[in-house]
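Everything on this sheet refers to the single structure shown next.
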Amino acid sequence: MADYISKLQKLLEEGEFVVCSEMGPPIGADPDFIREKADFLRGYVDAVNITDNQTAIVRMSSIAAAKIAADEGLEMIIQATGRDRNRIGIQSDLLGASALGLRNVLCLTGDHQCFGMDEGAKNVFDLDSVSMLRAARRMVDDGVLLNGKDMDVPPKLFLGGAANPFADPFELHMMKVEKKIEAGMEFIQTQAIYNLEKFDKWMEEMRKRGLHEKCYIMAGILPTKSVKALRMMKKYVAGMDVPDYTIERMDKAEDKKEEGVQMAVDIIKHVRKIEGVRGIHLMPVAWEEITPRVVEEAGLYPRPEVSEI
Amino acid sequence: MIVGKLKDIKEIKDSLPDDIDSLLIAGCGSCVSVSLAGGEREADSLKELLNLYYQSKGKSVSIETETIKRQCDDEFLDELELPVARNQVVLSIACGVGVQHLAINNPGKIILPGLDTTFYGRTSDIGKWEEMCHGCGKCILDQFAGVCPVARCSKSLLNGPCGGSQDGICEVDDSIDCGWQTIYDRAEELGQLENLLDFESPKDWSTYKDGGVRSHKNPEFFQE
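Listed in order, the protein sequences are those of chains A and B.
Sequential numbering from 0 applies to the first sequence in numbering that gives the first Met the number 0.
Sequential numbering from 0 applies to the second sequence in numbering that gives the first Met the number 0.
So, in structure tokens, the structure goes:
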């Protein structure tokens, strides 16, 4: 029997079309906040990301929140950004995560602190997403830290990263994806997809370079329930591509929430057919309770049972 | 050069002691003079503004100006000796280096900064300056088509742009060009795109401020 690092890795290797979702920890220290969210996701998703102070807003730490949710029976993906911690802090956290049984990590550069409420904070960015992946890869595979020190017990981590299929220039961003895969990234969660044409083009290029066979690609889906949210994303969220026809569709809809679910389902059905897309990553911002419904409507319920690894 | 920006007049006024009777505004004729912030012209106009302010308050404060070639070097400091001696307070509009060099040479004298030292940059247009270097202590421009990722990427990323780079613009502000777009464009022009695929290990920051306060000697002058 193959040795798996995490349940998520096992599902992907067994060829399941996986469903991931995302959870933002609270601005506060309430563990029940996490437990309640874990409750309605259980059974509907295969793994859940816990963001790491996303948009540079102070929240409960990704690892702590992930541990609380993991104790409720969820498979978790911690997020680690280079914005707030240097190589010492990041490697230390990766060791801690593995020791707590948190076996999936999404390595990210991190949003600039200007997006949050602490614009005057000092940033770090000692490691970028590529060098973080490379460092983690060596820790896991070779049992060696960045400084060359050997570890008695290396961490066990399944390594992921992000990619933005809509960022320009295309070639430059594609180059970065290649570098991440080269560095050791095993799965990708993409930026939220609204522009299917562009996403198809990106996947085509990924296949042309053979990258879809070197790493599992999960398509980012962001269900939304208002025209305002779509317009905001189009205008203010860096790297988001929201076509006008999407905004018009929502604008015309009488039941915005229902339309939001249907739009997400339509995108899921589209990406599911694309060669090389191995799952979806649902990230309904401030609408996390809709996740089960979207999963069901997309025909992705029930989720497969995974035995302990 | 070191680029500077004159402080807001209110901040300057607030920093001056209430019981002030005489003030020397010391300009610097080098870098900050080029960035139109701390030279002779700026010293004179600051003097006029402060004169008006003290007149409106009915206070008698004598203000004089003196601009020397460079405040960060002993060579030109003699010219400031008497003006510094005959004034109660000195407002230096040199960069932070000049202000401190003046203070080191004038113990017991209040030396206040009248300028914010902003960055190491170039004049990119008339009246416009752009950051180009962080003084990291280990130049890597040769690996990035001559464009510094440390200074010109808002996150100092060494392995490519972040997801926030869109159409050549940085996620931090529309007015900032994405440093990685600039690197890419120039590498393409030079036929060096391949270089950008090389993995960059985390940088050794011990040559930067992370290695502690820096100083160095020219061995010609300090033979063992």
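Just so you know, even glycine gets a beta-carbon here, dropped at the ideal spot from N, CA and C.
This one's a predicted model, so the numbers in the text were calculated from it and none came from an experiment.
Taking the DSSP output, what are the residues bridged to residue i?
i	result
R121/B	E129/B
N48/A	E21/A, I76/A
Q165/B	I168/B
K4/B	D115/B
D176/B	I168/B
F309/A	Residue 309/A falls outside the range modelled here, since chain A spans only 0 to 308, and no answer is possible.
Q188/A	A161/A, M217/A
L90/B	I24/B, L111/B
V143/A	D149/A
T66/B	G26/B
C152/B	DSSP, once it has assigned bridges, lists no residue as partnering C152/B.
Less than 9 angstroms between the C-beta atoms of residue i and residue j, yes or no?
i	j	result
I24/B	L90/B	yes
D309/A	T189/A	This structure leaves residue 309/A out entirely; chain A is present only between 0 and 308.
A144/B	I92/B	no
K4/B	D184/B	no
I220/A	I266/A	yes
A182/A	R136/A	yes
L158/A	C106/A	yes
A65/A	A96/A	yes
S309/A	D51/A	Lying before the first or after the last residue shown, residue 309/A is absent from chain A, which here runs from 0 to 308.
M173/A	W201/A	yes
I192/A	G160/A	no
V293/A	V264/A	yes
C27/B	I67/B	yes
L94/A	V104/A	no
K177/B	S164/B	Note on residue identity: the sequence assigns Cys, not Lys, to residue 177/B. Cβ atoms of C177/B and S164/B: closer than 9 angstroms.
V2/B	T181/B	no
R84/A	S5/A	no
E170/B	S153/B	yes
E71/A	V305/A	no
V98/B	I110/B	yes
G136/B	R213/B	yes
L15/B	V88/B	yes
P303/A	M262/A	no
Near residue i, what residues of its chain come up, given a Cβ to Cβ distance below 7 angstroms and the 5 sequence neighbours on each side ignored?
i	result
M0/A	Because the pLDDT of M0/A is 48, which lies under 50, any placement of that residue in the model is unreliable, and the number read from its coordinates should be weighed accordingly. Hits under 7 angstroms: none found.
R277/A	L11, F16, V17, Y215, I216, M217
R230/A	I246
E100/A	The identity of residue 100/A in the sequence shown is Gly, whereas the question assumes Glu. Excluding residues within five positions, the ones whose Cβ falls inside 7 angstroms are A69.
E287/A	M22, K36
M116/A	I56
H100/B	Q70, C71
V226/A	I246, M249, D250
I180/A	L210, K213, C214
E204/A	M173
K9/A	Y3, V305, I308
What does a CB cutoff of less than 8 angstroms around residue i pick up in its chain, not counting 5 residues either side in sequence?
i	result
F198/B	N158
E129/B	G120, R121, S123
F124/A	G81, R82, T108, G109
P301/A	G42
A252/A	E258
E177/A	R208, L210
L35/B	E41, G126
D127/A	G81, T108
Once the 5 residues before and after residue i are set aside, which same chain residues still bring their CB inside 6 angstroms of it?
i	result
I26/A	R58
S32/B	G38
N114/A	For clarity, residue 114/A is Phe in the given sequence; the question names Asn instead. Around F114/A: T54, A55.
F198/A	P164, I192
C30/B	M0, I1
L281/A	S20, I220, T290
I33/A	A64, I67, A68
Does the region 55-74 of chain B come into contact with the region 95-104 of chain B, if we say contact requires no fewer than three beta-carbon pairs (one atom in each stretch) closer than 8 angstroms? Proximity of the region 55-74 of chain B to the region 95-104 of chain B meets the contact definition, three or more beta-carbon pairs being nearer than 8 angstroms.
Looking at chain B, which residues of the region 82-97 of chain A have a Cβ within less than 7 angstroms of any of its Cβ atoms? R86
Could you please tell me which residues of the region 164-191 of chain B, in chain order, have their CB closer than 8 angstroms to any CB of chain A? S164, Q165, D166, G167, E170, V171, D172, W179, Q180, Y183
Any 3 or more C-beta pairs closer than 8 angstroms across the region 245-264 of chain A and the region 204-213 of chain A: No contact exists between the region 245-264 of chain A and the region 204-213 of chain A.
Contacting positions in the region 142-159 of chain B - beta carbon closer than 8 angstroms to chain A: Residues passing the 8 angstroms Cβ filter: S153, K154, S155, L156, L157, N158, G159.
Would you call the region 179-193 of chain B and the region 118-133 of chain A in contact, with 3 or more CB pairs under 8 angstroms? no
Hey, is the region 235-242 of chain A in contact with the region 155-173 of chain A, meaning 3+ C-beta pairs nearer than 8 angstroms? yes
Mind listing which residues of the region 119-137 of chain A have their C-beta closer than 8 angstroms to chain B's C-betas, in chain order? N122, F124, D125, L126, D127, S128, V129, S130, R133, A134
Could you please tell me which residues of the region 246-260 of chain A, in chain order, have their CB closer than 7 angstroms to any CB of chain B? Using a CB distance below 7 angstroms, no part of the region 246-260 of chain A faces chain B.
Count the CB pairs spanning the region 16-23 of chain B and the region 57-70 of chain B that are closer than 8 angstroms, and state whether there are at least three. Yes, they touch.
Which residues, in order along the region 219-246 of chain A, keep a beta-carbon less than 7 angstroms from a beta-carbon of chain B? Answer in chain order: A237, G238.
Residues of the region 172-204 of chain A with a CB closer than 8 angstroms to any CB of chain B: list them in chain order, please. For the region 172-204 of chain A, the beta-carbon criterion of a distance under 8 angstroms to any beta-carbon of chain B is satisfied by H172, M174, K175, E177, K178, E181, A182, Q190.
Tell me which residues of the region 150-165 of chain A have at least one Cβ-Cβ distance to chain B shorter than 9 angstroms, keeping chain order. Interface annotation for the region 150-165 of chain A against chain B: A161, A162, N163, F165, criterion Cβ-Cβ distance under 9 angstroms.
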